[in-house]
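**Student:** Residue numbers (this note's numbering): 4 to 367.
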């Protein structure tokens, strides 16, 4: 590890500890820990837009540096959710596909930590099949009129903007009719309903769009060209380190209580430690550009399954103690969702088989 990267790690760890001291420790802090105040601290440190090109106000730094920063923040449980999606996905999408007016209007608020964004992608009847979504946007003069419903939209209740994937055309293959719109959450016709999960968190939301008039200038990229753009965004999401380290504190606590004289426990610890090292190496390789185009699918599948193993190990070792407090029960109860959200493990394996290994496509 380069000296400058170790220095970055030390600084990120110190800032993360400050954030935890001021705003609390959060399980899955990148989706649950929402603090605009701490986002502004991150912005002042240069930790938002680290990898964005300098011409768009970013730091122009290599992807590995954002991974190092995120690793420390999430491991510590620092509340980074308010800026997470904008920094990771929306900003890169806008400076890559957006027009000059969009870059000038939206990127500064992301970089300052003042604007929170959510992603309107999943729908009740579409599941992991993006091409099956039904939320539609019909052109009406200088506006698109949006109608439909989104589900599992993290952070929608506190976001100023939603980056909505919607259908603007019906001719040809389903994926060719998709477009991306920037939708201000204060527009008439938008209703947000938080969805409380089984551990009591409400970061997931439903969004209902009823005749929402969105300026046509909020179209990102080309009409009907969003499928490719969205696949790039999912690569950012799936190739991150968040899933690998989200419950690392839970594992450390379980180690403190583990009976190391028990062979099964020693074997589980060896497997988890090996998995952590391999997952970390995979994420770092991806950030350094050493993987294939769809390498992020492998990262996502491996890291979420590692995450589940950690939760299962902690539940067994801690026993009744795992039900005490807020963070431990939340991490353990939430474990079944790890391999579902962001694309199921079965979908990731199909991508690996078909796009990386060149195996025949699964019958559809």
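We put the CB at the ideal spot given by N, CA and C, even for glycine.
(1) Count the other CB atoms, across all protein chains shown, that sit within 10 Å of the CB of residue 322; report buried if there are 16 or more and exposed otherwise.
(2) Is the stretch 301-308 in contact with the stretch 241-255, if contact means three or more CB pairs nearer than 8 Å?
(3) Under a Cβ-count criterion, where at least 16 other Cβ atoms within 10 Å of its own Cβ denotes burial, should residue 289 be classed as buried or exposed?
(4) Could you tell me the boundaries of the beta strand (DSSP E) in which residue 356 lies?
(5) Which residues in the same chain have their Cβ closer than 6 Å to the Cβ of residue 89, if we skip the five residues on either side of it in sequence?
(6) Using only CA atoms, which one of 116, 127 and 223 lies nearest to residue 48?
(7) The beta strand (DSSP E) spanning residue 150 covers which residue range?
(8) Look at the alpha carbon of residue 363 and the alpha carbon of residue 354, and state the distance between them as a whole number of angstroms.
(9) Taking residue 15 as the reference, which of 37, 75 and 6 has the closest Cα?
(10) Considering only their Cβ atoms, is the gap separating residue 235 from residue 186 smaller than 8 Å?
(11) Could you tell me whether the Cβ atoms of residue 97 and residue 110 are closer together than 8 Å?
(12) In whole angstroms, give me the CA-to-CA distance for residue 172 and residue 180.
(13) Using a 10 Å radius around the Cβ and a threshold of 16 neighbouring Cβ atoms, would you call residue 231 buried or exposed?
(14) Considering only DSSP beta bridges, list what residue 182 is partnered with.
(15) Pairs of beta-carbons, one from the stretch 137-151 and one from the stretch 77-84, closer than 8 Å: are there three or more?
(16) Rounded to whole angstroms, what is the Cα-Cα separation between residue 295 and residue 287?
(17) CB-CB under 7 Å to residue 208, same chain, minus the five flanking residues each way: which ones, in chain order?
(18) Enumerate in chain order the residues of its own chain whose CB-to-CB distance from residue 345 is below 7 Å, with the five nearest sequence positions on each side excluded.
(19) What are the residues that DSSP puts in a beta bridge with residue 194?
(20) Considering just the uninterrupted stretch of the alpha helix (DSSP H) at residue 143, what are its terminal residues?
(21) Helix, strand or coil, according to DSSP, for residue 133 in the structure here?
(22) So for residue 49, helix, strand or coil by DSSP?
(23) Between which two residues does the alpha helix (DSSP H) harbouring residue 343 extend?
**Tutor:** Inspection of the coordinates gives the following:
(1) In summary, residue 322 is exposed, with fewer than 16 beta-carbon neighbours lying within 10 Å of its beta-carbon over all protein chains present.
(2) yes
(3) buried
(4) It is not in any beta strand (DSSP E) - residue 356 carries neither H nor E in the DSSP assignment.
(5) Only 113 and 120 meet the Cβ criterion.
(6) Measuring from the Cα of residue 48, the nearest candidate turns out to be 116.
(7) Residue 150 -> beta strand (DSSP E) spans 146-153.
(8) 11 Å
(9) 75
(10) With respect to residue 235, residue 186 sits apart: the two C-beta atoms are not nearer than 8 Å.
(11) yes
(12) 4 Å
(13) exposed
(14) 169
(15) no
(16) 13 Å
(17) For residue 208, where only same-chain residues beyond five positions count, the Cβ hits under 7 Å are 156, 159, 160, 195, 196, 197 and 198.
(18) 240, 241 and 303
(19) According to DSSP, residue 194 bridges with 211.
(20) Careful: residue 143 lies outside any alpha helix (DSSP H), inside the beta strand (DSSP E) at 139-143.
(21) helix
(22) In the structure shown, the three-state DSSP call for residue 49 is coil.
(23) Segment: none, residue 343 is in no alpha helix (DSSP H) and carries neither H nor E.
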